[in-house]
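Residue numbers (this note's numbering), protein chains in the order written: chain A, 582 to 890; chain B, 161 to 356.
The following block contains the structure:
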């Protein structure tokens with residue numbers, strides 16, 4: 582029995598999204614400057630890739646994060662990420678591309694259609710959420726910078742700025758900074774692979790990886806590198822942070838797979854955050870590729886996913 | 161027993177210690193009904209109960225060194241501290257079995273045999289069972305004082321198991337579990353050094 586004295590729903594959750602987005606458009610139009618800094622509204626078109634599962638509340642998505650640059654506790658990012666300067670933001674694109682360079686994020690976003698993609702997110706620790714991202718396919722960006730024919734992988738790096746990222750300046754080094762991640766080029770070009778710029782119709786909160794983060798919905802959450810400052814195309818499989826830290830626990834692929842346990846967490850089931858059951862919320866079975874097998878299983882045809890975990 | 165060097169000998173009865181030990185548990189009961197335990201309430205409770213168990217176990221382990229080194233005589237409260245620690249161990253285990261795993265016994269058994277940090281945590285719990293079961297005066301007479309003392313040395317591996325369990329369950333090397341482990345190692349090391 583779970584009693585609550587206050588309603589859990591915010592106004593955002595009971596107001597149809599189109600309606601409040603509309604209202605914000607009007608506000609932005611009339612007095613745009615007044616909204617600056619407070620999570621600016623982002624227009625987005627709906628995507629056929631969205632799940633119709635109920636999204637996790639904005640409060641849970643923004644208060645329960647792994648973002649070790651701001652501390653190892655899941656409440657640390659919400660507490661500490663506010664200091665991060667996300668504007669201006671540059672992304673270096675280099676390696677095996679026809680158009681390398683250091684791009685201003687605003688320029689990268691020009692001409693991109695921002696979509697709303699409601700994706701399931703599965704953390705390697707055995708919990709999950711449903712998150713309404715705003716963003717655009719990574720493929721759109723990669724095509725624009727023209728990958729060379731020999732490119733096979735995409736490597737990513739997160740910002741290193743200890744003055745604003747408290748977890749990077751701690752006495753103990755939690756991870757080797759910068760945080761690095763990578764995808765095979767065909768994974769990166771899959772239409773599901775998203776570069777997210779927003780959440781719930783607004784610009785991305787810092788703790789969720791502002792201003793630009795990767796979302797690969799069929800892989801464990803840690804593959805979704807946050808606050809990206811560098812994207813490199815290479816012909817070699819890039820090193821990845823958690824694989825460097827504990828190779829027996831975190832592989833390069835990290836596809837959601839209920840059949841392959843992590844040494845410390847069974848992956849057979851997951852707890853959906855904010856499931857409604859509160860304290861007694863039941864675990865639910867985890868789906869192969871987090872339920873996206875139809876779209877991505879072919880990428881791994883013939884591979885032993887116990888070996889390439 | 162160096163009773164003579166006790167400089168501080170509190171006259172306080174032990175019941176307030178039991179009450180004080182219940183405060184964290186009552187706080188979480190309040191949180192369950194009126195508060196916000198965050199996005200993953202079962203995990204929050206599980207971690208909180210485990211951490212309080214470790215804190216009280218450490219407190220119990222500190223009583224003898226405090227007496228020998230600083231003359232602070234808290235011996236009469238050690239049983240209370242130990243039983244409160246055991247209460248939090250039981251709560252921690254209950255939250256894991258009931259709220260985390262939903263009494264899915266095959267999954268729980270798989271956890272115990274396949275995941276070393278759960279094996280070690282469970283071993284710590286089992287080591288504490290005979291201690292809790294013999295924590296009343298009649299049991300001391302029944303077992304015999306010397307045997308009782310020997311039996312209760314099981315708390316040393318049990319606390320160590322608890323601290324190691326915590327270090328092993330976190331990703332990377334955050335500070336907090338390492339601090340607990342360092343305190344436990346120091347308190348056990350003191351015993352080796354003093355050969356008690």
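A virtual CB, placed ideally from N, CA and C, is assigned to each residue, including glycine.
DSSP state of residue i mapped onto helix, strand, coil
| i | result |
| --- | --- |
| residue 647/A | coil |
| residue 695/A | coil |
| residue 211/B | helix |
| residue 259/B | helix |
| residue 240/B | helix |
| residue 682/A | strand |
| residue 627/A | strand |
| residue 171/B | coil |
| residue 302/B | helix |
| residue 700/A | strand |
| residue 711/A | strand |
| residue 882/A | coil |
| residue 800/A | strand |
| residue 888/A | coil |
| residue 273/B | helix |
| residue 671/A | strand |
| residue 809/A | strand |
| residue 199/B | coil |
| residue 632/A | coil |
| residue 637/A | coil |
| residue 224/B | helix |
| residue 245/B | helix |
| residue 159/B | Given that chain B is displayed from residue 161 to residue 356, the structure contains no residue 159/B and the question cannot be resolved. |
| residue 265/B | helix |
| residue 706/A | coil |
| residue 665/A | coil |
Limits of the unbroken alpha helix (DSSP H) element including residue i
| i | result |
| --- | --- |
| residue 349/B | 335-354 |
| residue 743/A | From DSSP, residue 743/A is part of no alpha helix (DSSP H); its letter is neither H nor E. |
| residue 728/A | Run containing residue 728/A: none; DSSP gives neither H nor E here. |
| residue 660/A | 657-661 |
| residue 232/B | From DSSP, residue 232/B is part of no alpha helix (DSSP H); its letter is neither H nor E. |
| residue 326/B | 315-329 |
| residue 874/A | 874-877 |
| residue 826/A | 822-826 |
Bridge-paired residues (DSSP) for residue i
| i | result |
| --- | --- |
| residue 677/A | None, per the DSSP bridge assignment. |
| residue 851/A | 865/A |
| residue 814/A | 676/A, 735/A |
| residue 622/A | 783/A |
| residue 930/A | Residue 930/A falls outside the range modelled here, since chain A spans only 582 to 890, and no answer is possible. |
| residue 836/A | 800/A |
| residue 183/B | For residue 183/B, which the question treats as bridged, DSSP gives no partner whatsoever. |
Residue span of the beta strand (DSSP E) that contains residue i, given as start and end
| i | result |
| --- | --- |
| residue 279/B | Where residue 279/B is concerned, there is no enclosing beta strand (DSSP E), although the alpha helix (DSSP H) it sits in stretches over 276-293. |
Proximity test, residue i beta-carbon vs the ligand FMN heavy atom, cut-off 6 Å
| i | result |
| --- | --- |
| residue 185/B | For the structure depicted, the ligand FMN is absent and the ligand set is empty, with no information on it obtainable. |
Given a limit of 7 Å on CB to CB distance, which residues of the segment 308-326 of chain B reach chain A? Correct list: empty, as no residue qualifies.
Residue ranges of each beta strand (DSSP E) run of no fewer than 3 residues wholly in the segment 746-798 of chain A, ordered along the chain? As far as the segment 746-798 of chain A is concerned, its whole beta strand (DSSP E) runs of at least 3 residues are 761-765, 775-780, 794-796.
Please identify, using Cβ separations under 9 Å, the residues of the segment 639-672 of chain A that lie next to chain B, in order along the chain. For the segment 639-672 of chain A, the set of positions with a beta-carbon nearer than 9 Å to some beta-carbon of chain B reads 640, 641, 642, 644, 645, 647, 649, 652, 653, 654, 655, 656 in chain order.
If the cut-off is 7 Å on Cβ atoms, which residues from the segment 190-207 of chain B count as contacting chain A, listed in chain order? For the segment 190-207 of chain B, which is checked against every Cβ of chain A, the residues closer than 7 Å are 192, 193, 194, 198, 199, 200, 201, 202.
In chain order, what residues of the segment 810-828 of chain A put their CB closer than 7 Å to some CB of chain B? From the segment 810-828 of chain A, only 826 have a Cβ closer than 7 Å to chain B.
The segment 844-864 of chain A: positions lying closer than 9 Å to chain B by Cβ: Hits within the stretch, in order: 844, 845, 846, 847, 849, 850, 852, 854, 855, 859, 860, 861, 862, 863, 864.
When you check each C-beta in the segment 727-755 of chain A against every C-beta of chain B, which residues fall closer than 9 Å? Against chain B - using a Cβ distance shorter than 9 Å - the residues of the segment 727-755 of chain A are 751, 752, 753, 754, 755.
Contact residues within the segment 783-800 of chain A, judged by C-beta distance below 7 Å to chain B: The segment 783-800 of chain A vs chain B, Cβ under 7 Å: nothing.
Scan the segment 692-714 of chain A for residues whose Cβ lies nearer than 7 Å to a Cβ of chain B and list them as they occur along the chain. Only 708 from the segment 692-714 of chain A bring a Cβ to less than 7 Å from some Cβ of chain B.
Please identify, using Cβ separations under 9 Å, the residues of the segment 328-343 of chain B that lie next to chain A, in order along the chain. So the close ones are 328, 329, 330, 331, 332, 333, 334, 335, 336, 338.
Where the segment 259-281 of chain B meets chain A: residues whose CB sits under 9 Å from a CB there: Flagged, chain order: 259, 260, 261, 262, 264, 267, 270, 271, 274, 275, 276, 277, 278.
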